[in-house]
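Peer 1:
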Ligand SMILES: Cc1cc2nc3c(=O)[nH]c(=O)nc-3n(C[C@H](O)[C@H](O)[C@H](O)COP(=O)(O)OP(=O)(O)OC[C@H]3O[C@@H](n4cnc5c(N)ncnc54)[C@H](O)[C@@H]3O)c2cc1C
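Numbering (this note's numbering), first residue to last: 29 to 444.
1. From the DSSP output, in three-state form, read off residue 29 for me.
2. Using a Cβ-Cβ cutoff of less than 7 Å, which residues in the same chain neighbour residue 109 once the five nearest sequence positions on both sides are dropped?
3. Less than 8 Å between the beta carbons of residue 59 and residue 119, yes or no?
4. How about the segment 209–217 and the segment 180–196: do they share at least three Cβ pairs that are nearer than 8 Å?
5. Have a look at residue 329 and residue 208 and give me their C-alpha separation to the nearest angstrom.
6. Mind checking who residue 238 pairs with in its DSSP beta bridge?
7. Cα separation between residue 204 and residue 376?
8. Cβ atoms of residue 303 and residue 334: under 8 Å apart, would you say?
9. Nearest-angstrom Cα distance between residue 413 and residue 246?
10. Taking residue 288 as the reference, which of 128, 61, 85, 92 has the closest Cα?
11. Looking at the structure shown, is residue 213 part of a helix, part of a strand, or coil, going by DSSP?
12. Helix, strand or coil for residue 70, going by three-state DSSP, please let me know.
13. Less than 8 Å separating the beta-carbons of residue 156 and residue 77?
14. Smallest Cα separation from residue 421: which of 441, 362, 97?
15. Near residue 48, which residues of its chain fall below 8 Å by C-beta distance, leaving aside the five closest residues on each side in sequence?
16. Which residues does DSSP list as the beta-bridge partners of residue 296?
17. Tell me which residues share the same chain as residue 248 and place their Cβ nearer than 6 Å to its Cβ, disregarding the 5 neighbours each side in the sequence.
18. I'd like the span of the beta strand (DSSP E) that includes residue 191, first residue to last.
19. Using the rule of at least 16 other Cβ atoms within 10 Å of the residue's Cβ for burial, across every protein chain shown, is residue 107 buried or exposed?
20. Near residue 394, what residues of its chain come up, given a Cβ to Cβ distance below 7 Å and the 5 sequence neighbours on each side ignored?
21. Checking 8 Å against the spacing of the C-beta atoms, do residue 390 and residue 381 come in under that value?
22. For residue 286 and residue 104, I'd like the C-alpha separation in whole angstroms.
23. Return the residue from the list 89, 242, 416 that minimises the CA-CA distance to residue 122.
24. Could you check which residue in 316, 276, 96, 100 has the C-alpha nearest to that of residue 140?
25. Would DSSP call residue 314 helix, strand or coil?
26. Reducing DSSP to helix, strand and coil, say where residue 230 ends up.
27. Straight-line CA distance for residue 318 to residue 197?
28. Going by C-alpha to C-alpha distance, which of 354, 51, 359 sits closest to residue 344?
29. Taking 7 Å as the cut-off, is the C-beta of residue 197 nearer than that to any heavy atom in ligand 1?
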């Protein structure tokens, strides 16, 4: 087993870190000020994206690009430490065209779009010309079970007509969000509950698409939005169907593998930054004649945070390696494991750092409060922790059933 990064990873990582140090970290204050003043998108984002693209630091997340498609073609394993580096600043992934949910949508279109759909939607997304959203969750049903969704996609002549209400649709408040990939039901009475769903491409300016609000998340307003949207008699041509009728559930599964691992990679970067901030603060501040790190409880938080981050990082790297070598389907247990583990590591480490900073940790003067909010949100986004734990348990139990009796020799009850 080789734990070292490839030469290609080291090279791109160094370039990304230099870019972050030169162009992103010095603009954190400017970004925050712009957002608080209601200037969104922030004025420099377009220029930074152009600069990153011109330096070849673009679409770092997609391994299997076609010849004409711009990007680095890194494997998932190679991309992991780079995503981690970009995860240190919440808006940095966008600079490299690597932000969710655009990445998951590009993955999905890359796998399933027709040539015409690729030209109309995927190619401009890969060039970074606009943004997109993914609309699955609904306020009226428990959406962690995607078979519950009720939005209808009904065939009418050469069109489909969509009716339903979605919420928590990330990216939808962006003025340049031009595409919704919506999951709904084309065949709600199909006996196979996993064949009732389909996905359809909806241009954001289609009549009947109504963004009704952008709810705050833990009282935090997200300028890109996690919006509630009503789709009322929204009519699109039948050629906008993604994949075939009834394939929506399978498409959602295919989309979520890469999406989940990218969230986890970035979360590790956020946790790593929180630990670094925690250590620095504990070296500077003194209470009762001691630096904070000299108090046993804080030394323990530092040590535990290092263990938490390292454990999470190794598991994410293993999941990435499996995705590259056996595919996302065969890596689904590891993907569920990291999705159930990493957001908790993100919030646990960030929470400790907030405590070490004292009351300042709760203010916008550090990135910790925002980071905590996002880590907490990730315990729901792309499926709540409990569904991942259930999936892992199911796979473990199935494996146990297949080997039933194999561990009997280890038991030594008294002979009767
Ligand atoms: C910041 C943010 C961004 C998001 N972005 C998007 C997006 O872009 N597009 C989109 O479609 N959705 C998005 N979501 C929605 C997210 O995917 C859903 O919130 C999630 O799937 C859970 O669905 P739900 O909220 O309906 O919870 P419910 O399904 O109502 O579940 C409620 C709770 O029940 C428990 N539970 C559920 N299943 C089990 C189980 N098997 N075992 C034990 N307990 C269980 C869990 O504790 C769960 O939290 C986003 C969410 C957040 C917070």
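For glycine and all other residues, C-beta sits at the position ideal for the given N, C-alpha and C.
Peer 2: Quick answer:
1. coil
2. 33, 37, 41
3. yes
4. yes
5. 42 Å
6. 258
7. 35 Å
8. yes
9. 18 Å
10. 128
11. strand
12. coil
13. yes
14. 362
15. 113, 114, 116, 117, 120
16. Note: residue 296 sits in no beta bridge, so no partner.
17. 401
18. 187–198
19. buried
20. 305, 385, 388
21. no
22. 9 Å
23. 89
24. 276
25. strand
26. strand
27. 48 Å
28. 359
29. yes
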